[in-house]
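The structure appears right after this line, and notes come after that.
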Amino acid sequence: MFKYIEKLGDSALYALRDLGRMGVFLVQALAGIFSRPFRFMETVRQIREIGVNSFGVIAFTGGFTGMVLGLQGYYTLSKFGAKSALGSAVALSLIRELGPVLTALMVTGRAGSAMCAEIGIMRNSEQLDALECMAIDPFRFLITPKLLATLISVPILTLFFNLIGIAGGYLVGVGLLGVNPGAYASGIEQSVVNLDINLGIVKSFVFALLIVWICTGRGYFVHKIRGAGFGAEAVSRITTQAVVMASISVLLWDYLITAVML
Amino acid sequence: MSEPAIRFIDVTKKFGKQVVLDRVNVDFPTGMTTVIAGGSGQGKSVSLKLILGLMKPDSGRIMVDGQDISAMGRRELNRIRTEFGVLFQGAALLDSITVFENVALPLEERTSLSRQEIKERVEEMLARFDLTGHGDKYPAQLSGGMKKRVGLARALMLQPRIMLFDEPTTGLDPKISMEIYRLFFETQKKYGFTSIIVSHDIPKVFNLADQVILLNNGHMTTFASPEEIQHSADPEIISFVETTMGQIYVSKEMEKIS
Ligand SMILES: Nc1ncnc2c1ncn2[C@@H]1O[C@H](COP(=O)(O)OP(=O)(O)OP(=O)(O)O)[C@@H](O)[C@H]1O
Ligand SMILES: [Mg+2]
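Order-wise, the sequence lines are chains A and B. According to this note's numbering, the stretch in the first sequence is residues 1 to 262, in order. According to this note's numbering, the stretch in the second sequence is residues 1001 to 1258, in order.
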């Protein structure tokens, strides 16, 4: 019985310590933005890696999401004789919810896992220690460029996702199912207000921060995570863990932000 | 004599139940070369990591320039590390950039030299370590000994005041290791650096070392010459020396490096 309580306390302490570590990590990563010399070229390279190279996946997911929304929306709305509201239904679902969330999940899978594995391997092969011993701040050198690149890329990708999605909805709704094109467009124009756009923007920034924080942070602390094991196995485990944690956090914060802002 | 560059005061380091260093007291005098020798797994690399502040001792203090490194904040630690030139046992090169970029890294990050100046200096350093023409390779494309040499080139790039080298010549052929020892010797004479070298090359390193520290069973013992080791009264040290290094008596006939 006492043993059980002791174990519980131990786990609680570990969780607290882990959270504290991650908190300090985030502060250091943000502080890296202001320390010089700023690694401009590396940030650009990361934007290419995280942002530009994600365009294909985002176009694909965005397109099909919009098309499915068009299809589903059409059948639901036609039951109420409100087919003309299709444009507004597609656009609002995308801008408020699906755009930010699905973009964040895709970026987590594509770029977040890569970041986590890269930093985890650097930790294991003493490359992070070597940087520190050369008096090069690993945050400014490695983490901050990824942080900035994600913060820049995710909102742009989200915008792109929404545009492609709306086009996909148009393709199905107007092209296949015969909704009036003017009604589709004016539906969007009349129903989308500033709050929706702001909601989408806030979400995409928060999600970006969650992704980069969790994924780089888990990699950075691969040697300190309990039960992760060692070496290659540890890196593979924490990468999986980071992707799951980032995805869950995105969904959780999606609810919180929606509840607070709407 | 001036204050030692690095001083261990009652340092204990444990991993779980394993005691790696047991209340160790040693000095690494300023401007001198100290060689740390000892069997595999005795804690030589751990000792270097303690000096670098990458690991913290369980008790005791490690003074670098009179300051306790385990009590330092991030900023101070960074400042003191600008004085270090470090070679890790596994070289620890950044493996997603080229050899050239690795060696150029300290210059690019810590100096404001122009691109052209950096290129010249790096090429010169690569040539010194017999690496000309390998600048475009990635660490994964190098042999073990080449990685070591790139690591050395990177460590020496900013002319550090304190050099910490973990087995700089292990895995190198005798000609190159002789060459590297000569290079140490020269730079040491010229700049008066403090260096700490982990090496198994006994008795050869005695030609280079001002003192040798033997690490055995958690204890460090300082010797000023090979003869002193031989005359040691400690039976553990005698047997350790005989089994790991053979008869060191031959050292007198060994050719001097200089
Ligand atoms: N992070 C760690 N966690 C647990 N034990 C460790 C850790 N690092 C080192 N050790 C242990 O400390 C001891 C000393 O290791 P160290 O790497 O310093 O050996 P060494 O003297 O450098 O040996 P070698 O000559 O083979 O490089 C070893 O028994 C090792 O298992
Ligand atoms: Mg070692």
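For every residue, glycine included, the Cβ atom is placed at its ideal position computed from N, Cα and C. None of the values given here were measured: they were computed from a predicted structure.
Self-check item: Those residues, in chain order, that have a beta-carbon closer than 6 Å to some heavy atom of ligand 2
Solution: This criterion selects Lys1044(B), Ser1045(B), Gln1089(B), Asp1166(B).
Exercise. Report the rounded CA-to-CA distance for Gly11(A) versus Asp1027(B), giving the unit in angstroms.
Key: Rather than Gly, the amino acid found at residue 11(A) in this sequence is Ser. One C-alpha to the other measures close to 41 Å.
Quiz item: Does the beta carbon of Glu1109(B) sit closer than 7 Å to a beta carbon anywhere in chain A?
Solution: Nearest CB-CB separation between Glu1109(B) and chain A: below the 7 Å threshold.
Self-check item: alpha helix (DSSP H) runs wholly inside the stretch 1068-1113 of chain B, at least 4 long, in chain order
Solution: 1074-1081, 1099-1110
Quiz item: Can you tell me whether DSSP reads Asp1261(B) as helix, strand or coil?
Solution: Given a span of 1001 to 1258 for chain B in the structure shown, any question on residue 1261(B) remains unanswerable.
Quiz item: Is the Cβ-Cβ distance between Gly1060(B) and Leu1077(B) less than 7 Å?
Solution: no
Exercise. Would you please verify whether the beta carbon of Glu233(A) is less than 7 Å from any beta carbon of chain B?
Key: For Glu233(A), the answer is no, since every Cβ of chain B falls outside 7 Å of its Cβ.
Exercise. With DSSP as the reference, label Leu102(A) as helix, strand or coil.
Key: Leu102(A) falls in the helix class under three-state DSSP.
Practice problem: Mind checking which residues open and close the alpha helix (DSSP H) that includes Ala29(A)? | Solution: 2-31
Quiz item: Given a threshold of 16 other Cβ atoms within 10 Å of its Cβ, counted over all protein chains shown, does Ser247(A) qualify as buried or as exposed?
Solution: When all chains shown are included, Ser247(A) counts as buried.
Exercise. Could you tell me if the beta carbon of Gly112(A) falls within a distance shorter than 6 Å of some heavy atom in ligand 1?
Key: Incorrect: Gly112(A) has no Cβ contact closer than 6 Å to ligand 1.
Exercise. For the alpha helix (DSSP H) holding Met1125(B), just list the boundary residues, first then last.
Key: 1115-1128
Quiz item: Helix, strand or coil for Ser1040(B) per DSSP?
Solution: DSSP places Ser1040(B) in coil when its eight states are reduced to three.
Quiz item: Can we count Val1020(B) as close to ligand 1, meaning its CB is less than 6 Å from some heavy atom?
Solution: Yes.
Exercise. Using DSSP bridges, identify the partner residues of Gln1211(B).
Key: Bridge partners of Gln1211(B): Thr1034(B).
Exercise. Counting only runs of 3+ residues fully inside the stretch 1145-1173 of chain B, write out the beta strand (DSSP E) ranges in chain order.
Key: 1162-1166
Quiz item: Assuming Ala1005(B) and Asp1065(B) make a contact with CB atoms under 8 Å, what is their CB distance in whole Å?
Solution: 7 Å
Practice problem: Would you decide whether Glu233(A) is buried or exposed? Buried here means 16 or more other CB atoms lie within 10 Å of its CB. | Solution: In this structure Glu233(A) is exposed. Its beta-carbon is surrounded by fewer than 16 other beta-carbon atoms within 10 angstroms.
Exercise. Return yes when the Cβ of Ile143(A) is within less than 7 Å of the Cβ of Gly219(A), no when it is not.
Key: no
Quiz item: Are the C-beta of Val1086(B) and some C-beta of chain A separated by less than 7 Å?
Solution: Closer than 7 Å to the CB of Val1086(B) there is at least one CB belonging to chain A.
Practice problem: Reducing DSSP to helix, strand and coil, say where Tyr1249(B) ends up. | Solution: Reliability fails at Tyr1249(B), whose pLDDT of 47 lies under 50, so the model's placement of it is uncertain and no value is given.
Quiz prompt | Interface residues of the stretch 1140-1160 of chain B facing chain A [CB-CB below 7 Å] | solution = Close to chain A, meaning a Cβ-Cβ distance shorter than 7 Å, is no residue of the stretch 1140-1160 of chain B at all.
Practice problem: Below 7 Å between beta carbons is the criterion; list the residues of the stretch 1058-1092 of chain B that meet it against any residue of chain A, in chain order. | Solution: Asn1078, Arg1081, Thr1082, Phe1084, Val1086, Phe1088, Gly1090, Ala1092
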